[in-house]
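Asks: Residue numbers (this note's numbering): 875 to 988. Take a look at this one; I'll ask things after.
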Amino acid sequence: MVDLADVYMTFFLPTEQAGLLALGSEARLVLDAAPDLVIPANISFVASVAQFTPKTVETSDERLKLMFRVKARIPPELLAQHLEYVKTGLPGMAYVRLDKQQPWPEALAVRLPQ
Numbered sequence: 875m876v877d878l879a880d881v882y883m884t885f886f887l888p889t890e891q892a893g894l895l896a897l898g899s900e901a902r903l904v905l906d907a908a909p910d911l912v913i914p915a916n917i918s919f920v921a922s923v924a925q926f927t928p929k930t931v932e933t934s935d936e937r938l939k940l941m942f943r944v945k946a947r948i949p950p951e952l953l954a955q956h957l958e959y960v961k962t963g964l965p966g967m968a969y970v971r972l973d974k975q976q977p978w979p980e981a982l983a984v985r986l987p988q
């Protein structure tokens, strides 16, 4: 049984983008198994510590390599409407919008199963 309260995709962002991301920000998920669908999600977690850290971080170039783990959670009410399609562990791409004033590109407009 899938826990509808906790279906998410984990991905990684570099320092600059992770620093601009707020909890609750909009995201879009495109799964490899369903590339014609664009699933809305919200940022539910941003790591407070970098996941990939070079052994010595002495230069600004090295600091740019720091990556932070992020989770984008699919709303449970949306999952409940499409339960027959819900599968966990599928790979895909996550997209985030760092500027709320910018609209999503047409290619990332929400497209769900009919």
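Backbone N, C-alpha and C fix where the C-beta goes; we use that ideal spot for every residue, glycine too. These numbers come from a predicted model, not from an experiment.
Just the C-alpha distance for alanine 915 and phenylalanine 886, rounded to the nearest angstrom, thanks.
Replies: As a working note, residue 915 is residue 41 in the sequence shown. As a working note, residue 886 is residue 12 in the sequence shown. About 15 Å.
Asks: Classify alanine 901: buried if its beta carbon has 16 or more other beta carbons within 10 angstroms, exposed otherwise.
Replies: Taking the sequence shown and counting its residues from 1, one reaches residue 901 at position 27. The residue is buried, with at least 16 neighbouring Cβ atoms inside 10 Å.
Asks: Put glycine 898 into one of helix, strand or coil per three-state DSSP.
Replies: Looking up residue 898 in the sequence shown gives position 24. Glycine 898 falls in the coil class under three-state DSSP.
Asks: Taking only the alpha-carbon atoms, compute the straight-line gap between leucine 894 and leucine 972 and give it to the nearest angstrom.
Replies: Within the sequence shown, residue 894 is the residue found at index 20, counting from 1. Within the sequence shown, residue 972 is the residue found at index 98, counting from 1. Distance between the alpha carbons of leucine 894 and leucine 972: 6 Å.
Asks: For glutamate 882, which residues does DSSP report across the bridge?
Replies: As a first step, residue 882 is located in the sequence shown; it is residue number 8 there, counting from the start. As written in the sequence, residue 882 is tyrosine, which differs from the glutamate given in the question. Per DSSP, Arg947.
Asks: For leucine 957, name the three-state secondary structure that DSSP assigns.
Replies: Numbered from its first residue, the sequence shown carries residue 957 at position 83. In the structure shown, leucine 957 sits in a helix (DSSP, three-state: H, G or I).
Asks: Could you check what DSSP says for glycine 966 in three-state terms: helix, strand or coil?
Replies: The residue you call residue 966 lines up with position 92 of the sequence shown. Strand at glycine 966.
Asks: Helix, strand or coil, according to DSSP, for leucine 982 in the structure here?
Replies: Residue mapping note: residue 982 aligns to position 108 of the sequence shown, counting from 1. Helix.
Asks: To the nearest angstrom, how far is the alpha carbon of arginine 985 from that of aspartate 877?
Replies: Numbered from 1 along the sequence shown, position 111 holds the residue referred to as residue 985. Numbered from 1 along the sequence shown, position 3 holds the residue referred to as residue 877. Rounded to whole angstroms, arginine 985 to aspartate 877 spans 23 Å at the Cα level.
Asks: One question on the structure: do alanine 921 and arginine 943 come within less than 8 Å of each other, judged by their Cβ atoms?
Replies: Reading the sequence shown from its first residue, position 47 is the one you call residue 921. Reading the sequence shown from its first residue, position 69 is the one you call residue 943. Cβ distance < 8 Å, so alanine 921 and arginine 943 count as in contact.
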